[in-house]
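Oh and the sequence shown: position 178 is 178 in our numbering, straight run, nothing missing.
Here's the structure we're looking at; comments come further down.
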Amino acid sequence: MGEVRVRFAPSPTGYLHIGGARTALFNYLFAKKSGGKFILRVEDTDSERTVEDSAEKMMQAFRWLGLQWDEGPIVGGPAGPYFQSERLELYRKYAKLLMDKGYAYKCFCTPEELAQDRERARAEKRAPRYDGRCRELTPEQIAEFEAEGRRPAIRFRTPDTGVTVVHDLIKGEVPFKNEEIADFIIMKSDGIPTYNFACVIDDWLMGMTHVIRAEEHLSNTPKQMMIYRALPAPMPKFAHVPMILAPDRSKLSKRHGAQTVEEFKDQGVFPEALLNYLVLLGWTPEDSTKEIMSLDEMIKEFDLSRVSTTPAVYDTTKLMWMNGYYMRMMDKDALVRKFIPVAAASGLASREELMSKKDWLGKIVMALRERSRTMNEMVEMSEYFFTAPTEFDEAGARKFFTKPSTAGLLRKGAQALAGVEDWNIEAEEQAYRDLIEKEGIKGGELIHPTRLALTGRTSGPGLFEIVDILGKEESVLRLRRAADLVESGKLEGLAKP
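What follows is the structure, given as structure tokens:
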């Protein structure tokens with residue numbers, strides 16, 4: 001066999017869904033492992049469903065994931081054009097060829113007539129199917145319809161007997177009875193090809209050796225095989241990957257949360273983590289306990305024989321765990337690079353200001369990375385480093401800010417920190433230890449209200465990590481402000497649930 005050629009062929013009707021991203025990834029891995037080519041083709045013939053800029057957004061998603069196509073839009077290639085809307089003459093040429101060979105015919109049935117047929121079938125409790133009324137039209141009948149101004153569709157003439165067997169690389173042999181496949185339209189009356197026809201012509205002319213796609217297309221495969229045989233054209237090998245179901249094993253819907261690559265990107269998920277998660281949705285490496293894999297490792301290990309035949313279950317909890325793992329494995333500089341654009345976009349500070357404080361940001365990201373699952377979470381957790389809290393955890397405020405001794409202890413804590421000459425975590429912590437011993441109190445009586453005063457929260461990184469990052473002046477200022485607030489008793493409206 002020559003060079004392996006596979007493709008991902010999305011319709012530009014929205015953003016890149018995780019199901020599509022996984023199919024694209026499987027194609028990419030198969031191509032790269034085989035030393036072959038991964039082609040991107042845009043199936044944009046349905047103008048009513050096509051969304052402006054959708055193709056560009058999908059390509060941006062691929063670039064963000066690191067799945068660069070070898071041929072396709074922008075990069076070009078010998079088999080272009082790679083937009084179906086630019087290939088219409090090819091489809092018309094081969095539709096005419098099939099008619100000339102007797103494999104296809106003009107169908108003048110109107111939408112109203114076909115709708116009536118479907119209604120009749122439903123009333124009779126049988127599956128709707130085309131009855132073949134235009135199969136054997138005479139030249140005179142065709143001329144009469146054309147004189148009426150009817151624009152014909154073109155239908156493929158399916159065999160009445162026999163079985164078409166799909167030899168699927170994942171599912172094995174899947175038989176379809178030909179008698180159950182009605183004559184199907186390959187060219188609509190407006191001259192636009194249907195999916196099944198355009199797909200075959202493009203896969204043939206672009207030299208695809210394998211077609212790896214979603215399981216929902218399995219029922220289309222016998223129709224496509226009939227077209228291949230009629231042309232005739234070399235048939236690629238087919239592989240249909242399992243569906244992705246929601247955690248409750250229902251069909252995925254918006255109520256199950258984020259489902260597009262762009263949504264995950266906006267949430268602060270890393271491309272490495274998303275790819276790692278997607279590859280394990282329906283595929284298992286040889287070492288079934290292995291969960292963390294780089295793209296190079298995926299390429300080395302990927303094999304269609306290890307793709308499951310049963311549906312995969314979508315689990316964002318697993319994805320977030322995986323993203324947190326990748327976050328913890330990143331070094332400080334890499335985390336800062338990823339932190340800056342997200343923080344700037346959130347309005348935490350300007351990009352210029354953030355770029356000028358990289359060393360300080362390095363302390364923040366290292367303090368928060370064990371607690372964060374996404375970069376968005378890290379940015380949200382970091383807010384108190386940039387702005388003093390004006391609201392305080394409600395339960396914490398009731399517990400720690402209502403004690404008579406709290407205001408005085410916060411002032412003494414401020415004084416202790418103000419006296420630290422060599423500003424470092426050990427010195428800051430020692431100053432507090434000395435104060436706790438001097439006052440004869442339990443550590444929590446000072447530490448808990450201090451954390452709340454500095455951050456507005458009751459949990460987070462180590463207290464003295466926070467103190468060290470805020471710096472002496474800011475820490476002292478926040479403690480004194482909180483002491484004033486506690487002393488005033490005006491906590492109402494300042495607590496957040």
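Ideal Cβ placement from N, Cα and C applies to all residues, glycine included.
Q.
For a quick check, are the C-beta atoms of Ala-55 and Pro-73 less than 8 Å apart?
A. Sequence index remark: in the sequence shown, residue 55 carries index 55 (1-based). Sequence index remark: in the sequence shown, residue 73 carries index 73 (1-based). The answer is yes: Cβ separation under 8 Å.
**Q.** Classification of Val-75 by the beta-carbon crowding that lies within 10 angstroms, buried from 16 upward
**A.** The count along the sequence shown starts at 1 and reaches residue 75 at position 75. Flag for Val-75 reads exposed.
(Q) Rounded to whole angstroms, what is the Cα-Cα separation between Lys-33 and Phe-62? (A) Within the sequence shown, the letter at position 33 stands for residue 33. Within the sequence shown, the letter at position 62 stands for residue 62. Between the alpha carbons of Lys-33 and Phe-62 lies a distance of about 19 Å.
Q. Where are the alpha helix (DSSP H) runs, 4 residues long or more, that stay fully inside the segment 250-277, in chain order?
A. Correct list: 261-266.
Q: Drop a sphere of 10 angstroms on the beta-carbon of Asp-434, count the other beta-carbons inside from all chains shown, and report buried for 16 or more, exposed for fewer.
A: Indexing the sequence shown from 1 puts residue 434 at position 434. Exposed, because fewer than 16 other Cβ atoms sit within 10 Å of the Cβ of Asp-434.
Q. Buried or exposed: Ala-123, going by 16 or more other Cβ atoms within 10 Å of its Cβ?
A. The sequence position of residue 123 within the sequence shown is 123, counting from 1. Ala-123 should be labelled exposed.
Q | Inter-residue spacing [alpha-carbon to alpha-carbon] between Met-366 and Pro-10 | A | Sequence index remark: in the sequence shown, residue 366 carries index 366 (1-based). Sequence index remark: in the sequence shown, residue 10 carries index 10 (1-based). Between the C-alpha atoms of Met-366 and Pro-10 there is a straight-line separation of about 40 Å.
Q) What residue does the beta strand (DSSP E) around Ala-214 start on, and which one ends it? A) Position 214 of the sequence shown holds residue 214. Going by DSSP, Ala-214 is part of the beta strand (DSSP E) stretching over 210-214.
Q. Which residues bound the beta strand (DSSP E) around Phe-197?
A. Against the sequence shown, residue 197 aligns to sequence position 197. Taken as a continuous stretch (DSSP letters only), Phe-197 belongs to no beta strand (DSSP E), being part of the alpha helix (DSSP H) at 195-205.
Q. Which runs of the alpha helix (DSSP H) spanning at least 4 residues fall entirely within the segment 354-439, listed in chain order?
A. Segments of the alpha helix (DSSP H) lying fully in the segment 354-439: 358-368, 375-381, 383-386, 394-400, 406-418 and 425-439.
Q. Taking the C-alpha atoms as reference points, what is the distance between Ser-41 and Thr-390?
A. Against the sequence shown, residue 41 aligns to sequence position 41. Against the sequence shown, residue 390 aligns to sequence position 390. For the record, residue 41 in the displayed sequence is Arg; it is not Ser. Distance between the alpha carbons of Arg-41 and Thr-390: 53 Å.
(Q) Check for me: the alpha helix (DSSP H) holding Tyr-130 runs from which residue to which? (A) Counted from its first residue, the sequence shown places residue 130 at position 130. Segment: none, Tyr-130 is in no alpha helix (DSSP H) and carries neither H nor E.
Q: Give the straight-line distance between the Cα atoms of Ile-201 and Pro-271, rounded to the nearest whole angstrom.
A: Your numbering for residue 201 matches position 201 in the sequence shown. Your numbering for residue 271 matches position 271 in the sequence shown. Ile-201 and Pro-271: Cα-Cα distance of roughly 34 Å.
Q) Three or more C-beta pairs closer than 8 Å, one from the segment 156-176 and one from the segment 17-36: is that the case here? A) A contact between stretches requires three or more CB pairs, one per stretch, nearer than 8 Å, and the segment 156-176 fails this requirement with the segment 17-36.
Q.
Would Pro-242 and Glu-286 qualify as a contact pair, given that the criterion is a beta-carbon distance under 8 Å?
A. Within the sequence shown, numbered from 1, the residue matching residue 242 stands at position 242. Within the sequence shown, numbered from 1, the residue matching residue 286 stands at position 286. At the C-beta level, Pro-242 and Glu-286 stay beyond 8 Å of one another.
Q: Please list, in chain order, all residues of the same chain as Glu-301 whose beta carbon is under 8 Å from its beta carbon, the five residues on each side excluded.
A: Position 301 of the sequence shown holds residue 301. A distance below 8 Å between beta-carbons, with the five flanking residues on each side excluded, links Glu-301 to the following residues of its chain, in chain order: Pro-285, Glu-286 and Met-293.
Q.
I need the DSSP call for Asp-53, collapsed to helix, strand or coil.
A. To locate residue 53, count along the sequence shown from 1; it is residue 53. It is coil, neither helix nor strand.
Q.
Using CA atoms only, rank isn't needed, just tell me which of Leu-274, Glu-263 and Arg-157 is closest to Gln-224.
A. Start at 1 with the first residue of the sequence shown, and residue 224 comes out as number 224. Put simply, of Leu-274, Glu-263 and Arg-157 the residue whose alpha carbon is nearest the alpha carbon of Gln-224 is Arg-157.
Q.
Just to confirm before moving on: does the CB-CB distance between Met-99 and Ala-153 stay below 8 Å?
A. On the sequence shown, position 99 is the one that residue 99 refers to. On the sequence shown, position 153 is the one that residue 153 refers to. Ala-153 sits away from Met-99, with the two beta carbons spaced by 8 Å or more.
**Q.** Selection from Glu-180, Ala-95, Glu-136 and Ile-192 that minimises the alpha carbon distance to Leu-231
**A.** Along the sequence shown, read from residue 1 onward, the residue named residue 231 stands at position 231. Here the closest residue by C-alpha is Ala-95.
Q. Based on the DSSP secondary-structure assignment, which residues constitute the bridge partners of Phe-83?
A. Against the sequence shown, residue 83 aligns to sequence position 83. Per DSSP, Val-42.
Q. How big is the Cα-Cα spacing for Lys-93 and Phe-108?
A. Position 93 of the sequence shown holds residue 93. Position 108 of the sequence shown holds residue 108. Roughly 20 Å separates the two Cα atoms.
Q: Using only alpha-carbon positions, find the residue among Glu-262, Leu-218, Ile-18 and Leu-446 that is nearest to Val-166.
A: In the sequence shown, the residue the question calls residue 166 occupies position 166. Ranking the options by Cα distance to Val-166, first place goes to Leu-218.
Q. Are there 16 or more other CB atoms within 10 angstroms of the CB of Pro-461, so buried, or fewer, so exposed?
A. Within the sequence shown, the letter at position 461 stands for residue 461. Counting C-beta atoms within 10 angstroms of its own C-beta, Pro-461 has 16 or more neighbours from the protein chains shown and is therefore classed as buried.
Q: Please report how far the alpha carbon of Ile-299 lies from the alpha carbon of Phe-30, in whole angstroms.
A: Counted from its first residue, the sequence shown places residue 299 at position 299. Counted from its first residue, the sequence shown places residue 30 at position 30. Rounded to whole angstroms, the gap between the alpha carbons of Ile-299 and Phe-30 is 7 Å.
Q: Name the one or two DSSP bridge partners that Met-187 has.
A: For the purposes of this step, residue 187 is taken as residue 187 along the sequence shown, with counting starting at 1. According to DSSP, Met-187 bridges with Ile-154 and Pro-193.
Q: Within 10 angstroms of the Cβ of Trp-423, are there 16 or more other Cβ atoms? Answer buried if so, exposed if not.
A: Stepping through the sequence shown from its first residue, residue 423 is reached at position 423. Residue burial annotation: Trp-423 is exposed, with fewer than 16 other C-beta atoms found within 10 angstroms of its C-beta.
Q: Determine the direct distance from the alpha carbon of Leu-169 to that of Phe-238, and round the result to whole angstroms.
A: Here the question's residue 238 lines up with position 238 in the sequence shown. Here the question's residue 169 lines up with position 169 in the sequence shown. If you draw a straight line from the Cα of Phe-238 to the Cα of Leu-169, it comes to about 6 Å.
Q: Would you kindly work out how many angstroms separate the C-alpha atoms of Ala-143 and Gly-102, rounded to a whole number?
A: Along the sequence shown, one-based indexing puts residue 143 at 143. Along the sequence shown, one-based indexing puts residue 102 at 102. Going by the C-alpha atoms only, they are around 18 Å apart.
Q) Is the beta carbon of Val-336 less than 8 Å from the beta carbon of Pro-247? A) Position 336 of the sequence shown holds residue 336. Position 247 of the sequence shown holds residue 247. It is not a contact, given that the beta carbons lie outside the stated cut-off.
Q: With Arg-7 as the anchor, note down where its beta strand (DSSP E) starts and where it stops.
A: Translated into the one-based positions of the sequence shown, residue 7 becomes position 7. It spans 5-8 - the beta strand (DSSP E) in which Arg-7 sits, taken as one unbroken run.
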